[in-house]
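>
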Amino acid sequence: MATPNTPLWEVFIRSRNGLAHKHVGSLHAADATLALQAARDIYTRRGEGLSIWVVPSSAITASDPADKGMMFEPAESKIYRHPTFYEVPEEVGHM
Amino acid sequence: MYTQALNTTEAEDRHVEDAARAAQFQARIDAEERIEPNDWMPAAYRKTLTRQISQHAHSEIVGMLPEGNWITRAPSLRRKAALLAKVQDECGHGLYLYAAAETLGASREELVDLMLAGKAKYSSIFNYPTLTWADIGVVGWLVDGAAIMNQIPLCRCSYGPYARAMIRVCKEESFHQRQGYEIMVTLARGSGEQKAMAQEALDRWWWPVLMMFGPPDQASQHSDTSTRWKIKRFSNDELRQKFVDATVPQAHYLGLSIPDPGMKQNETTGHWEYSAIDWDEFKQVLAGNGPCNRDRMAARRKAHDEGAWVREAAAAYAEKRKQRSAAKAA
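Top to bottom, those sequences are chains V and L.
The first sequence begins at 0 in numbering that gives the first Met the number 0 and counts up one residue at a time.
The second sequence begins at 0 in numbering that gives the first Met the number 0 and counts up one residue at a time.
The structure is reproduced here in structure tokens:
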């Protein structure tokens, strides 16, 4: 008999250095409690984190890689959004 | 390596695909871009990777068995704690890898069922028995050492999720090799009996470990495509030679001899040249006729079957909670 499928979860961990939660991988678990426990065992065996989020993979809406040109091009063409676009006289020093 | 059966299975099926897309894909690979799960990829790339990553995952899981064999008999609490942690790591590696394989569209359960049905391969090395405590030393030192040799280039594999899984695995694998070598150092400095046990274990594992890298380059069918796709960055023979060159001085430090009377160092290149490998033995083990193939499969099936009630109970409990909270909300 084929083994029945168990739901998939995405795991996010916040490390001790004060950074935001970061995606580390995924796992299978029947519910959120088991997902948290499994995430602890699979992704934090060496003190990698102080906080874990688990999110059902089905709850994630992702952008389509095929649209990446349309999605991200507007940011590429606006160099005036970067500090280096502006000229400040050298005598003024670091700004 | 852990996916050595790739080298022996049926030839790739050729799909007729949009030539323009395929060219674009290859251009991305050539530019060292990472391919991500939702990106377009040739069907053969997807198939090769699904097979390679799942075989790698199966190897990690089956690889828990030869070492698990010694957990209850480890000679001290320190050794026992280390071995337990190592075997738990192997399980974790299997899970990272299954997750990477699943991003290609296969389900975990489907992959596991294929392995339990005997339709998917795992590394030939885990079909050898761990007869003495010294075997645990040799497995850590050589089997994990060979695995590291293979896995470091995989950290730069073109498929993003596989490469990322390998980075995690490599970080953890170095503890495995060091704990194995430490066992060997202890035995080598011990009584005559202990030293003999270390040598005897090395004698049994040396050739099977060299086989882990897969068939010689001229006999390997899949390498060309895998190289073009940057799944594979070094050939089987290149990695095998790197491993031998790194390992021989470590054996000499232990005062152990490599069970290859014909081995000699090439004065010009500095490489340690080894004798011919018995590829018939390798084929036999891959075909299911190694010393422990049947035991390993039986142990995996037993664990899977005996865990069925846990999976069922967890699913039933999750369902009950879901219905309760739905009833409350209504």
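Glycine included, C-beta positions come from ideal geometry on N, C-alpha and C.
Counting only Cβ-Cβ distances shorter than 7 Å, please list the residues of the stretch 28 to 60 of chain L near chain V, keeping chain order.
Correct list: Glu35, Asn37, Asp38.
> Taking only beta-carbon atoms, is V/Ile41 less than 8 Å away from chain L?
Taking the first sequence and counting its residues from 1, the one referred to as residue 41 of chain V is at position 42. V/Ile41 counts as touching chain L.
> Does DSSP put L/Pro152 in a helix, in a strand, or in coil?
Residue numbering aside, residue 152 of chain L sits at position 153 when the second sequence is read from its first letter. DSSP places L/Pro152 in helix when its eight states are reduced to three.
> Please identify the residue among L/Gly306, L/Met296, L/Asn149 whose C-alpha is closest to the C-alpha of V/Pro3.
Residue numbering aside, residue 3 of chain V sits at position 4 when the first sequence is read from its first letter. Checked all of L/Gly306, L/Met296, L/Asn149; the closest Cα to V/Pro3 is L/Gly306.
> Let me check understanding here. Comparing Cα to Cα, which of L/Pro36, L/Ile124, L/Ser157 lies closest to L/Gly289?
Here the question's residue 289 of chain L lines up with position 290 in the second sequence. Among L/Pro36, L/Ile124, L/Ser157, the Cα nearest to that of L/Gly289 is on L/Ile124.
> Are the C-beta of L/Leu94 and some C-beta of chain V separated by less than 8 Å?
Locating residue 94 of chain L in the second sequence gives position 95, where the first residue counts as 1. Answer yes: the Cβ-Cβ gap between L/Leu94 and chain V drops below 8 Å somewhere.
> Under 7 Å Cβ to Cβ from L/Ser157, same chain only, skipping five residues before and after it: list those, please.
For the purposes of this step, residue 157 of chain L is identified with residue 158 of the second sequence, where counting begins at 1. The residues are Ile28, Arg33, Ile34, Trp228, Lys229, Ile230.
> Tell me the start and end of each unbroken alpha helix (DSSP H) in the stretch 45 to 83 of chain L that is at least 4 residues and wholly inside, in chain order.
Complete alpha helix (DSSP H) runs here, min 4: 63 to 67.
> Relative to chain V, which residues along the stretch 95 to 114 of chain L have a C-beta separation below 9 Å, given in chain order?
Of all residues in the stretch 95 to 114 of chain L, Tyr95, Tyr97, Ala98, Ala99, Glu101, Thr102, Ser106, Arg107, Glu108, Glu109, Val111, Asp112 have a Cβ within less than 9 Å of some Cβ in chain V.
> With burial defined as no fewer than 16 other Cβ atoms inside 10 Å of the residue's Cβ, what is the status of V/Ile41: buried or exposed?
The sequence position of residue 41 of chain V within the first sequence is 42, counting from 1. By the neighbour-count rule (16 or more Cβ atoms within 10 Å), V/Ile41 is buried.
> I believe L/Ala274 touches L/Gly261 by the beta-carbon criterion, under 8 Å. Please report the beta-carbon distance rounded to the nearest angstrom.
Translated into positions along the second sequence, residue 274 of chain L becomes position 275. Translated into positions along the second sequence, residue 261 of chain L becomes position 262. The sequence shown places Ser at residue 274 of chain L, rather than the Ala named in the question. Their Cβ separation, rounded to whole angstroms, is 4 Å, which keeps L/Ser274 and L/Gly261 in contact under 8 Å.
> Is L/Cys169 near the ligand HEM, with its Cβ less than 7 Å from a heavy atom?
Absent from the structure shown: the ligand HEM. Ligands present: none.
> Do you know whose CA, among V/Thr5, V/Asp30, V/Glu47, lies nearest V/Ser22's CA?
As a working mapping, residue 22 of chain V is identified with position 23 in the first sequence. Sequence inspection shows His at residue 22 of chain V; the Ser mentioned does not correspond to that position. Checked all of V/Thr5, V/Asp30, V/Glu47; the closest Cα to V/His22 is V/Glu47.
> Does the CB of V/Pro82 have a neighbour CB from chain L at under 8 Å?
Residue numbering aside, residue 82 of chain V sits at position 83 when the first sequence is read from its first letter. It does not: the Cβ of V/Pro82 has no partner Cβ on chain L nearer than 8 Å.
> Per DSSP, V/Trp8 forms a beta bridge with which residues?
Taking the first sequence and counting its residues from 1, one reaches residue 8 of chain V at position 9. BP columns for V/Trp8 point to V/Leu26, V/Pro55.
> Just the chain L side, please: which residues come within less than 7 Å of V/Pro64 by C-beta, in chain order?
Here residue 64 of chain V is taken as the residue at index 65 of the first sequence, counted from 1. In chain order: Glu35, Asn37, Asp38.
> Label V/Arg45 either buried or exposed according to how many other C-beta atoms from any shown protein chain fall within 10 Å of its C-beta, with 16 as the threshold for buried.
Along the first sequence, one-based indexing puts residue 45 of chain V at 46. When all chains shown are included, V/Arg45 counts as exposed.
> Measuring only between beta-carbons, confirm whether V/Asn16 sits less than 8 Å from chain L.
As a first step, residue 16 of chain V is located in the first sequence; it is residue number 17 there, counting from the start. False, the Cβ-Cβ gap to chain L never drops below 8 Å.
> Label L/Glu266 either buried or exposed according to how many other C-beta atoms from any shown protein chain fall within 10 Å of its C-beta, with 16 as the threshold for buried.
To locate residue 266 of chain L, count along the second sequence from 1; it is residue 267. When all chains shown are included, L/Glu266 counts as exposed.
> Kindly indicate if chain V contains any beta-carbon less than 8 Å away from that of L/Ala317.
By one-based count along the second sequence, residue 317 of chain L stands at place 318. Answer yes: the Cβ-Cβ gap between L/Ala317 and chain V drops below 8 Å somewhere.
> Would you grab the beta carbon distance between L/Ala119 and L/Gln54 for me? Rounded to a whole angstrom, and I think it's under 8 Å.
Residue mapping note: residue 119 of chain L aligns to position 120 of the second sequence, counting from 1. Residue mapping note: residue 54 of chain L aligns to position 55 of the second sequence, counting from 1. Their Cβ separation, rounded to whole angstroms, is 6 Å, which keeps L/Ala119 and L/Gln54 in contact under 8 Å.
> Taking the Cβ atom as the reference point for each residue, do L/Ala99 and L/Ala164 lie within a distance shorter than 8 Å?
Taking the second sequence and counting its residues from 1, the one referred to as residue 99 of chain L is at position 100. Taking the second sequence and counting its residues from 1, the one referred to as residue 164 of chain L is at position 165. Result yes, Cβ atoms of L/Ala99 and L/Ala164 sit closer than 8 Å.
> Could you tell me the boundaries of the alpha helix (DSSP H) in which L/Leu186 lies?
Counting from one through the second sequence, the residue named residue 186 of chain L turns up at place 187. Element bounds for L/Leu186: 159 to 187.
> Quick check: what's the CA-CA separation for L/Trp64 versus L/Arg295?
Taking the first residue of the second sequence as 1, we reach residue 64 of chain L at position 65. Taking the first residue of the second sequence as 1, we reach residue 295 of chain L at position 296. Per the sequence shown, residue 64 of chain L should be read as Leu rather than Trp. Rounded to whole angstroms, L/Leu64 to L/Arg295 spans 7 Å at the Cα level.
> Applying the criterion that 16 or more other CB atoms from any shown protein chain within 10 Å of the CB defines a buried residue, is L/Ala226 buried or exposed?
As a position in the second sequence, residue 226 of chain L is number 227, starting the count at 1. One point to set straight first is that residue 226 of chain L is Thr, not Ala, in the sequence displayed. By the 10 Å Cβ count, L/Thr226 comes out exposed.
> For the stretch 296 to 328 of chain L, enumerate the residues whose C-beta is nearer than 9 Å to any C-beta of chain V, in chain order.
Answer in chain order: His303, Ala307, Arg310, Glu311, Ala312, Ala313, Ala314, Ala315, Tyr316, Ala317, Glu318, Arg320, Lys321.
> What would DSSP say about L/Trp271, mapped onto helix, strand or coil?
The residue labelled residue 271 of chain L in the question sits at position 272 within the second sequence. Three-state DSSP puts L/Trp271 in a strand.
> Please list the residues of the stretch 22 to 49 of chain V that have a C-beta atom closer than 7 Å to any C-beta atom in chain L, keeping them in chain order.
Here the close residues are Gly24, Ser25, Leu26, His27, Ala29, Asp30, Leu33, Ile41, Arg44.
> For the stretch 190 to 197 of chain L and the stretch 126 to 137 of chain L, state whether three or more C-beta atom pairs, one from each stretch, are separated by less than 8 Å.
A contact exists between the stretch 190 to 197 of chain L and the stretch 126 to 137 of chain L.
> Classify V/Ile59: buried if its beta carbon has 16 or more other beta carbons within 10 angstroms, exposed otherwise.
The residue you call residue 59 of chain V lines up with position 60 of the first sequence. So V/Ile59 counts as exposed.
> Just to confirm, is the Cβ distance from L/Val208 to L/Leu141 under 8 Å?
By 1-based counting over the second sequence, the position of residue 208 of chain L is 209. By 1-based counting over the second sequence, the position of residue 141 of chain L is 142. The answer is yes: Cβ separation under 8 Å.
> For a test of the three-state rule: what should DSSP assign to L/Asp236, helix, strand or coil?
The count along the second sequence starts at 1 and reaches residue 236 of chain L at position 237. If DSSP states are grouped into helix, strand and coil, L/Asp236 belongs with the helices.
> Check L/Lys321 in the structure and name its three-state DSSP category.
Here residue 321 of chain L refers to the residue found at position 322 when the second sequence is read from its first residue. Note: L/Lys321 maps to helix in three-state DSSP.
> What first and last residue would you give for the alpha helix (DSSP H) that runs through L/Trp140?
On the second sequence, residue 140 of chain L is found 141 positions in, with the first residue counted as 1. Where L/Trp140 is concerned, there is no enclosing alpha helix (DSSP H), given that its DSSP letter is neither H nor E.
> Between the stretch 155 to 167 of chain L and chain V, which residues of the former have CB atoms less than 7 Å from a CB of the latter, in chain order?
The residues in question: there are none.
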